[in-house]
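Take 382 as the starting number for the sequence shown in the working numbering and just add one per residue.
Glycine residues also receive a C-beta, built at the ideal position from the N, C-alpha and C atoms.
Step one of this worksheet: look at the structure below.
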Amino acid sequence: MAQQYPEWIWQNGEIKPWKDATTHVMSHALHYGSSVFEGIRSYATPDGAAIFRLTDHLKRLYQSARIYDMVLPYSLEELAAACRDVIKKNGFSAAYLRPVAYRGLGGFGLSAETPIDVAVATWPMGPYLGPEALEKGITACVSSWQRFAPNTIPAGAKAGGNYLSGQLIAREARRLGFGEGIAMASSGLLSEGAGENLFLVFDGVLHTTPASASILTGITRDTIKVLAREEGIEVVERDIPREYLYLCDELLMCGTAAEITPINSVDGKQIGNGTAGRVTRRLQELYFGLFDGSTSDKWGWLEAV
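Next up, the structure:
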């Protein structure tokens, strides 16, 4: 079935038909991966459509741009308005948002000066890892591809070029029949999923890898840490050896697209009893409760469309 695209998109200061949002084939970003972006979700809540942690996501967009010396030609407030406007224009409530800023057509060469183009797209999105993933979980494998070493490419920037690594990891996993891939860091210790952060559960305690493990410190990851501690669940950030994937009681992936997805097995080795465990289920209840009203939004994370 052909992909169905939404009708409207925001690009460089205006909403226009999706088909008219074009860029030149010689744009810098196409050749060198010089883009930064965000993935954000809007949810249908009892109080209407709301974007989850919009401001936090856009702050990270500007941080990523700063690392790559990209001066965005719009303020954070203007991009926040663009996110709201494009959702409303398309008539969406529950949707995925993709703000992206990239080096457009200008000079040639790695350090060439170019304009910075900005777009915001939105489209309906269900569970990223499949319609049954949130309930039944997925299988995963440790990839033969490692994450980049520190002081090579900044893992803390959500930059387009970084996701070449994620593509290799994800496509290898799919080719081998797994739901998703898991990467090791250059140190040989655990890093993250192809495009998701990881949490392991041991004796009711959440363990996650630190920023030094070449991960993107995700906003969903931060949300889980806050919700867990509010619930009285201890959270530990630490270096984690590969074999601990096989020994943990529960294992989950998280991210804006993946939300909170249980992992049932790694490399064919069953995790716990092979289903989502008690801690994972409780975190899902707290997380999705933010959007149906059963979890109080004490932090102002829901920003109305």
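Counting C-beta pairs with one atom in each stretch, the region 535-551 and the region 662-679 have fewer than three that are closer than 8 Å, which means they do not touch. Pairing residue 413 with residue 491, the inter-Cα distance amounts to about 7 Å. The three-state reading of DSSP puts residue 397 in strand, counting E and B together. Look at the beta carbons and you see the region 542-557 not touching the region 505-515: under three pairs across the two are nearer than 8 Å. Just so you know, the alpha carbons of residue 635 and residue 642 end up roughly 6 Å apart.
For residue 571, the enclosing beta strand (DSSP E) covers residues 571-574. A direct Cα-Cα distance of roughly 41 Å separates residue 616 from residue 385.
Runs of the alpha helix (DSSP H) lying entirely within the region 653-686 and spanning at least 4 residues, in chain order: 659-673.
Bridge pairing for residue 498: 483 [DSSP]. In this structure, the alpha-carbon of residue 597 lies about 31 Å from that of residue 388.
Residue burial annotation: residue 418 is buried, with at least 16 other C-beta atoms found within 10 angstroms of its C-beta. A straight line joining the alpha-carbon of residue 644 with that of residue 633 spans about 5 Å. Within a 10 Å sphere around the beta-carbon of residue 580 sit 16 or more other beta-carbons, which makes this residue buried.
Closest in alpha carbon position to residue 404, among 494, 500 and 455, is 500. Secondary structure of residue 590 (DSSP, three-state): coil. Residue 467 counts as buried, since at least 16 other C-beta atoms from the protein chains shown sit within 10 angstroms of its C-beta. In this model, residue 685 and residue 607 are separated by some 21 Å (Cα to Cα). DSSP, read as helix, strand or coil, puts residue 488 in coil. Proximity of the region 427-444 to the region 670-686 meets the contact definition, three or more beta-carbon pairs being nearer than 8 Å. In this structure, DSSP gives residue 598 a state outside helix and strand, which the three-state scheme calls coil. When only Cα atoms are considered, residue 495 and residue 481 end up about 16 Å apart.
Three or more beta-carbon pairs drawn from the region 610-628 and the region 577-596 are found closer than 8 Å, and the two stretches are therefore classed as touching. DSSP, read as helix, strand or coil, puts residue 555 in helix. A Cβ-Cβ separation of about 10 Å leaves residue 575 out of contact with residue 560 under the 8 Å criterion. Rounded to whole angstroms, the separation of the alpha carbons of residue 628 and residue 585 is 13 Å. Straight through space, the alpha carbons of residue 673 and residue 657 are spaced by roughly 21 Å.
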